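Structure record follows, encoded as structure tokens.
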Amino acid sequence: MNNGNFPLLPMLQSTLFGKTSKEPPKDATALSHQLLTQGCFIARVTAGIYSFLPLGWRVLKKIDSIIRDEFEQRGIQDLLMPIVHPASLWEETGRAETMKDIIARFESKRGQDLILAPTHEETVSDLARRYLNSYKDLPVIVNQNQLKFRDETRVQGGILRTREFIMQDAYSFDLDKEGMKKSYELMKEAYIAIFNRIGVTAIPVAADSGAMGGSGSEEFVVLAEVGEDTIVICEECRYRANLEKADSLIETIAQDKEMKPMENVEGKGIIGVEALAKHLGVDAKQTTKTLLFQMEEGSLIAALIRGDYDINEAKLKNTLGGIEIQLASPERIKEVTGAEIGYAGPVNLPDSVKIVADNSIKDRVNFECGGNETNFHLVNVNFERDFPMPDFADIRSVKAGDSCPECKKGKLKQENGIEVGHIFQLGTKYSDSMGIQVPDEEGTMRVIEMGCYGIGMTRVMAATVEQRNDDKGIVWPKNIAPFQVHLIGLNLHTDESLKMKAKELYEDLKKSGIEVLFDDRDISAGKKFADADLIGIPIRLTISARSLENGGIEWKERNQEDSRIVAQKDLIKSLTSFLS
RNA sequence: CGGGGUAUAGCGCAGUUGGCUAGCGCGCUUGGUUUGGGACCAAGAGGCCACAGGUUCGAAUCCUGUUACCCCGACCA
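Residue numbers (this note's numbering): 286 to 865.
Okay, here's the thing in structure tokens:
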């Protein structure tokens, strides 16, 4: 007990700020949210905004130091940029507009237009154009571990998806594409090392670049039920991709040799691929469906796809050059096609409607589609003859069971995952718009090739908990556990000599450089053990009259069922070798 | 943005057809008994019942508005 004596010893559990809770917080659905709150690692301030309490902050600081260490080994330089930016910086790249839905923007008392940083490409580019003046300054990679704020419309429970979060974000600058790819590979290798050291299984998958832009990107994903991402995985080879990016082999379906005359077929109330396939007496994969999307400025896109597939909005959006789209409303559909929802097709659409078709129907002859007339479908429709040849592209979502596009034989399966990191080859997107160029050896001005690399540090913490837990609580990997050892003293308050021995042991451990949380509280043994299991420190040492009678200290690893007695003289050695 | 739900002690909840001094469990304080898997007894402290209006002799309870939080949806021709 502290008894009012200073200095306070923060590693004594009796003085630890925050208390564990037996009951999970109401409204917490994600397991990581429940356990981190119950164990007193985090505390919600408001929706999507959290405080990190001493235990949680220790975990974050460990993640932070692992990242910085791996970067330092690779010559990546640490710096710090501000959270508040002038909006003018964001006007330069146009992202003040394109990201306006998640940007928190406000006016200072002096009337300055300011933005809370959702990311730092603009800020780092501004630095780059000032300080990178020659090819001799390249290549260079800079990093910061910093707060970000994204005013997401929908926040989800826990720290899996928050508005304010701590992110590692690094930026690479190279003279050419090859250099950029080298930097990218260096960062990828660093990321693999970082996740290994953290002790979380995060797999790299091919991904869509989204709002960041650029030529290629990969995500690091922790597979977990609560994950928001859908990951496509080949059961045979190493192919892994986000559903927004994933491809698969398209099976060929035998087609007619000759075009037949187009016919109108009544199908009253036949809406949906299944019903239509049944009505026509064919398999769903032989049907063709048309979905109408609306662009921001109001014009429509008709997207054609094989009946048994779904349109992937992310892919369609990229095909259209990155503009925002959403499914058209029933009213708008009726206005343009003249039919109720469910009967849309590519024939006789107004010229203003652009038609995009998925590669899966490229070779179709004599196919059916909606008739743009309520209750009517068309059969024996053909490209070019019956409507203008559409642009073909990959706009479909891969299905579980499809064949792998790489090894050609493995079946693809889908799993949920949490995106914990994302690396991008940005190319010249920002260096173009912000004018970052340097002279090369010949004195020719070259636009710099950039890459950017981010890890959601707070999200990694939650994802690790999602992956490492049991019915009693968290099972931290040893490198990011808030403490290395949880020392539990039993019945110290009724046995003065035992209390002295426990304190000595605690001091010995500290002197040996071991991070130890000492449970010196005067409460029942059961409660201490339950708390230890909940908090999830890798090694639990129990000192009690019984353990001493048995010859030493009880040693129990959090991820093991059994415990054993270790003689006190061997303890430090055993710990040191376990923790190394 | 749309739909649904919730708001009472630090946490989890009950109480809500208008009624008396607003309860329970956990946690907290004090004393005592316990002491290796969430102990027990006793005595306490702690609440502007989210906020603002209204109805009423009387409102946690009914009405109106506001705010906050949670969940679902933004998934298909």
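Every residue, glycine too, gets a C-beta built ideally from N, C-alpha and C. Note that this is a predicted model, so its numbers are computed, not measured.
Selected residue, minimal CA-CA separation from residue i, among the options
i           : options            : result
residue 383 : 715, 535, 842, 608 : 608
residue 545 : 667, 425, 658      : 667
residue 799 : 426, 766, 783, 829 : 766
residue 429 : 737, 841, 638, 366 : 366
residue 526 : 554, 493, 678, 538 : 493
residue 433 : 479, 411, 370      : 370
residue 772 : 713, 758, 832, 764 : 832
residue 355 : 471, 396, 321      : 471
residue 311 : 505, 303, 329      : 329
residue 301 : 705, 318, 326      : 326
residue 570 : 553, 549, 555, 537 : 537
residue 532 : 543, 516, 542      : 516
residue 568 : 539, 412, 721, 617 : 539
residue 743 : 352, 308, 314, 543 : 352
residue 793 : 616, 645, 628, 860 : 860
residue 712 : 613, 457, 386, 678 : 457
residue 739 : 710, 755, 756      : 710
residue 549 : 841, 339, 630, 796 : 630
Coarse secondary structure for residue i, derived from DSSP in three states
i           : result
residue 467 : helix
residue 766 : coil
residue 394 : coil
residue 857 : helix
residue 487 : coil
residue 684 : coil
residue 631 : coil
residue 481 : helix
residue 826 : strand
residue 838 : strand
residue 248 : Only positions 286 to 865 of the chain appear in the structure, and residue 248 is not among them; the question remains open.
residue 782 : helix
residue 662 : strand
residue 328 : strand
Proximal residues to residue i (C-beta, below 6 angstroms), its chain only, five neighbours per side dropped
i           : result
residue 820 : 324
residue 297 : 803, 805
residue 552 : 564, 662
residue 691 : 522, 524
residue 431 : none
residue 816 : 305
residue 292 : In this prediction, residue 292 has a pLDDT of 47, which is less than 50 and means its spatial position is unreliable; what the coordinates show is noted afterwards. Nothing meets the Cβ criterion.
residue 400 : 370, 372, 375, 388, 390
Close beta carbons around residue i, own chain, < 8 angstroms, minus the five adjacent residues each side
i           : result
residue 460 : 420, 423, 424, 723, 725, 731, 733, 734
residue 632 : 547, 654, 656, 657, 663, 666, 671, 672
residue 321 : 327, 341, 443, 444, 746, 747, 750, 759
residue 542 : 650
residue 348 : 483, 742, 745, 746, 765
residue 473 : 489, 503, 708
residue 392 : 398, 399
Sub-8 angstroms separation of residue i and residue j beta-carbons
i           : j           : result
residue 589 : residue 640 : yes
residue 648 : residue 591 : no
residue 447 : residue 333 : yes
residue 509 : residue 701 : yes
residue 402 : residue 436 : no
residue 684 : residue 594 : yes
residue 770 : residue 850 : no
residue 826 : residue 838 : yes
residue 707 : residue 410 : no
residue 652 : residue 575 : no
residue 705 : residue 507 : yes
residue 485 : residue 762 : yes
residue 680 : residue 596 : yes
residue 790 : residue 822 : no
Close beta carbons around residue i, own chain, < 7 angstroms, minus the five adjacent residues each side
i           : result
residue 378 : 407, 715, 718, 719
residue 637 : 584
residue 599 : 493, 529
residue 625 : 619, 659
residue 830 : 776, 780, 783
residue 359 : 471, 475
residue 480 : 487, 505
residue 414 : 719, 720, 721
Quiz prompt | Three-pair Cβ contact test at 8 angstroms for the region 450-458 versus the region 515-535 | solution = no
Exercise. Specify whether the region 688-698 and the region 601-617 touch according to this definition: at least 3 beta carbon pairs, one from each stretch, less than 8 angstroms apart.
Key: no
Quiz item: Should the region 801-815 be called in touch with the region 737-756, which here means at least 3 C-beta pairs below 8 angstroms?
Solution: no
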